[in-house]
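A.B. asks: Before I ask anything, here is the structure I am working with.
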Amino acid sequence: MEKVDILVLGSEQLVTAEGNTSLRGKDMRNLKVIKRGAIAIRGEYIVEVGTEDELKSRYLPDKIVDAEGGCITPGFVDAHTHLVFAGSREDEFIMRIKGKTYKEIALSGGGINATVKATRAASEEDLLDSAWSRLNTAVSCGTTTVGITSGYGLDTENELKMLRVILTLKEEHPLHIVPIFLGAHDIPPEYKEKKQEYIKLIIKEMLPKVVEGKLAKFCDVFCEPHTFNIEETKRILMTAKNAGLSITVHADELEQTGGAELAVELGARSASHLIKVSEKGISALAKSDTVAMLLPGVSFFLKMDFAPARKLIDSGAAVALATDTNPGSSYTENMQIIMTLACLYLNMLPEEVLIASTLNGAVALNLADKLGTLEAGKFADIAIWRENDYRKLPYHFGVNLIKTVIKAGEVIVQR
Numbered sequence: 482m483e484k485v486d487i488l489v490l491g492s493e494q495l496v497t498a499e500g501n502t503s504l505r506g507k508d509m510r511n512l513k514v515i516k517r518g519a520i521a522i523r524g525e526y527i528v529e530v531g532t533e534d535e536l537k538s539r540y541l542p543d544k545i546v547d548a549e550g551g552c553i554t555p556g557f558v559d560a561h562t563h564l565v566f567a568g569s570r571e572d573e574f575i576m577r578i579k580g581k582t583y584k585e586i587a588l589s590g591g592g593i594n595a596t597v598k599a600t601r602a603a604s605e606e607d608l609l610d611s612a613w614s615r616l617n618t619a620v621s622c623g624t625t626t627v628g629i630t631s632g633y634g635l636d637t638e639n640e641l642k643m644l645r646v647i648l649t650l651k652e653e654h655p656l657h658i659v660p661i662f663l664g665a666h667d668i669p670p671e672y673k674e675k676k677q678e679y680i681k682l683i684i685k686e687m688l689p690k691v692v693e694g695k696l697a698k699f700c701d702v703f704c705e706p707h708t709f710n711i712e713e714t715k716r717i718l719m720t721a722k723n724a725g726l727s728i729t730v731h732a733d734e735l736e737q738t739g740g741a742e743l744a745v746e747l748g749a750r751s752a753s754h755l756i757k758v759s760e761k762g763i764s765a766l767a768k769s770d771t772v773a774m775l776l777p778g779v780s781f782f783l784k785m786d787f788a789p790a791r792k793l794i795d796s797g798a799a800v801a802l803a804t805d806t807n808p809g810s811s812y813t814e815n816m817q818i819i820m821t822l823a824c825l826y827l828n829m830l831p832e833e834v835l836i837a838s839t840l841n842g843a844v845a846l847n848l849a850d851k852l853g854t855l856e857a858g859k860f861a862d863i864a865i866w867r868e869n870d871y872r873k874l875p876y877h878f879g880v881n882l883i884k885t886v887i888k889a890g891e892v893i894v895q896r
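So the mapping is simple: our numbering equals the position in the sequence shown, first residue as 1, plus 481.
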């Protein structure tokens with residue numbers, strides 16, 4: 482018998498997508514379900530996935546992890562978050578309850594710029610401590626990979642400060658973290674009447690320092706009429722792409738701007754939000770490799786319309802889901818509630834939701850060859866659930882259903 486470090490046994494079912502490319506359209510229902518599935522792990526990687534009887538006959542483990550009749554899935558890939566920030570915005574929460582819109586709050590000096598003020602004043606140590614706590618919450622809910630943006634510094638010093646914090650998290654926290662530069666998140670107060678000067682600062686000063694310091698894998702831009710229009714977004718993203726960064730876009734969240742079409746034109750790995758995406762944008766996404774990154778927590782939290790997930794999927798687009806964790810529009814680290822919202826308000830099926838929360842998110846972060854599915858040779862990033870059927874994960878909402886989380890072959894959560 483072959484020696485391995487861990488055998489994961491005792492499941493009712495093991496559920497995973499397969500492959501290294503996004504699943505789209507009807508293929509987003511193609512889950513592999515193994516009754517009494519098991520996993521053999523050596524070091525950080527999966528050696529084999531099969532039935533419990535098969536693996537017990539082939540492998541001698543140093544340790545057994547007992548699923549105790551639960552369901553096994555890949556760990557979540559939460560590809561779009563703003564987990565590093567200071568302060569909170571519960572006052573805006575109350576303002577929205579009283580009828581103010583997110584845009585009205587932003588234009589009156591709140592919104593992103595309120596968090597910018599707090600984040601600029603915070604030390605790296607304070608930002609690291611608070612983000613570490615949020616990451617611990619995320620992993621306790623089944624997340625094993627996270628994309629984290631900057632974007633609350635909005636000047637060179639503080640954008641680089643945020644990215645250094647994200648890199649420290651990447652090096653020291655057990656989760657797999659992808660740093661994303663978002664200097665073009667909003668126009669800072671000192672540049673409100675000088676937007677072109679701020680764009681020049683991003684292109685001529687921030688981006689070169691980000692690239693030189695290897696501080697990010699991606700560049701993102703918030704493409705909206707009140708922030709960066711289509712042409713401005715294109716300038717920034719093309720500069721980033723030509724410098725070697727992958728690109729992604731906040732697109733068509735508040736208004737129909739053509740952000741989705743631009744993302745496809747530029748070869749972005751993903752376009753996020755898409756609440757107001759046009760029919761032309763849906764068609765473009767369906768014909769491209771750009772992942773439609775949907776963030777239903779934002780629509781729920783802001784009481785906005787929801788992105789047209791059914792149209793996107795039925796047209797053939799690859800859809801991913803993420804929390805968009807941030808203090809203003811989606812203050813949750815829990816992908817489980819995002820799955821529930823996607824089923825109820827995006828009309829996505831449990832199979833589609835699970836693929837959108839794992840493999841397709843990994844594709845959006847350029848990581849699908851390493852994680853996002855339970856297959857031999859990939860990282861052993863595993864969620865073991867208290868429920869025995871994957872369909873119950875979005876169905877049984879409002880409680881944490883996680884039993885065990887394994888990240889790269891190490892048990893990091895046991896509840």
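Glycine is no exception: its CB is placed at the ideal position from the N, C-alpha and C atoms. Owing to the predicted nature of the structure, the values given are computational and were not obtained by experimental measurement.
Helix or strand or just coil, what does DSSP make of P660?
C.D. replies: Numbered from its first residue, the sequence shown carries residue 660 at position 179. P660 falls in the strand class under three-state DSSP.
A.B. asks: What is the rounded straight-line gap between the Cα of E640 and the Cα of E760?
C.D. replies: Here residue 640 corresponds to residue number 159 of the sequence shown, with the count starting at 1. Here residue 760 corresponds to residue number 279 of the sequence shown, with the count starting at 1. E640 and E760: Cα-Cα distance of roughly 35 Å.
A.B. asks: How would you label P689, buried or exposed, when you count the other beta carbons within 10 angstroms and need 16 or more for buried?
C.D. replies: Reading the sequence shown from its first residue, position 208 is the one you call residue 689. Exposed.
A.B. asks: I'd like the span of the alpha helix (DSSP H) that includes V779, first residue to last.
C.D. replies: What you label residue 779 is simply residue 298 of the sequence shown in a count that begins at 1. P777 to L783 is the extent of the alpha helix (DSSP H) around V779.
A.B. asks: Whole angstroms is fine: what's the gap from E529's alpha carbon to E493's?
C.D. replies: The residue given as residue 529 occupies position 48 in the sequence shown. The residue given as residue 493 occupies position 12 in the sequence shown. Using only the alpha carbons, I get a separation of about 18 Å.
A.B. asks: Return helix, strand or coil for N594, following the three-state DSSP convention.
C.D. replies: Within the sequence shown, the letter at position 113 stands for residue 594. The answer is helix: DSSP assigns N594 an H, G or I state.
A.B. asks: Please say whether I553 and L495 have beta carbons closer to each other than 7 Å?
C.D. replies: Your numbering for residue 495 matches position 14 in the sequence shown. Your numbering for residue 553 matches position 72 in the sequence shown. Against a cut-off of 7 Å, the Cβ pair of I553 and L495 comes out as a contact.
A.B. asks: May I ask which residues mark the beginning and end of the beta strand (DSSP E) holding I893?
C.D. replies: In the sequence shown, the residue the question calls residue 893 occupies position 412. Where I893 is concerned, the enclosing beta strand (DSSP E) stretches over E891 to Q895.
A.B. asks: Residue range of the alpha helix (DSSP H) that E571 falls in?
C.D. replies: Stepping through the sequence shown from its first residue, residue 571 is reached at position 90. Taken as a continuous stretch (DSSP letters only), the alpha helix (DSSP H) holding E571 covers E571 to I578.
A.B. asks: For the region 485-512, which segments carrying the alpha helix (DSSP H) assignment without a break, of at least 4 residues, lie completely within its bounds, in sequence order?
C.D. replies: Qualifying alpha helix (DSSP H) stretches: none in this window.
A.B. asks: Across the region 548-567 and the region 849-868, are there enough close Cβ pairs to call them in contact, namely three or more that are closer than 8 Å?
C.D. replies: They touch, by the three-pair rule.
A.B. asks: If you reduce the DSSP assignment to three classes, tell me which class C824 lands in.
C.D. replies: Taking the sequence shown and counting its residues from 1, one reaches residue 824 at position 343. The answer is helix: DSSP assigns C824 an H, G or I state.
A.B. asks: Beta-carbon within less than 7 Å of H561's beta-carbon, same chain only, minus the 5 sequence neighbours each way: which residues are those?
C.D. replies: For the purposes of this step, residue 561 is taken as residue 80 along the sequence shown, with counting starting at 1. Within the same chain, H561 has close Cβ partners G628, S753, M774, L776, A803 and D805.
A.B. asks: Report whether the distance from the Cβ of S604 to the nearest heavy atom of the ligand SAH is below 6 Å.
C.D. replies: With respect to the ligand SAH, the structure offers nothing, as it holds no ligand at all.
A.B. asks: Considering only C-alpha positions, which residue in the set A799, K722, A567 and P669 is nearest to R510?
C.D. replies: Within the sequence shown, numbered from 1, the residue matching residue 510 stands at position 29. Nearest of A799, K722, A567 and P669 to R510, Cα basis: A799.
A.B. asks: With DSSP as the reference, label T854 as helix, strand or coil.
C.D. replies: In the sequence shown, counting from the first residue as 1, residue 854 sits at position 373. Here T854 sits in coil by DSSP.
A.B. asks: Leaving out five residues before and five after T624 in sequence, what residues of the same chain have Cβ atoms less than 6 Å from its Cβ?
C.D. replies: By one-based count along the sequence shown, residue 624 stands at place 143. Within the same chain, T624 has close Cβ partners F557, D559 and M816.
A.B. asks: Please classify L852: is it buried, with 16 or more other beta-carbons within 10 angstroms of its beta-carbon, or exposed?
C.D. replies: Working through the sequence shown from its first residue, we reach residue 852 at position 371. Flag for L852 reads buried.
A.B. asks: Report yes if the C-beta distance between A845 and V758 is below 7 Å; otherwise report no.
C.D. replies: Position 364 of the sequence shown, counted from the first residue, corresponds to residue 845. Position 277 of the sequence shown, counted from the first residue, corresponds to residue 758. No, Cβ-Cβ distance for A845 and V758 is not below 7 Å.
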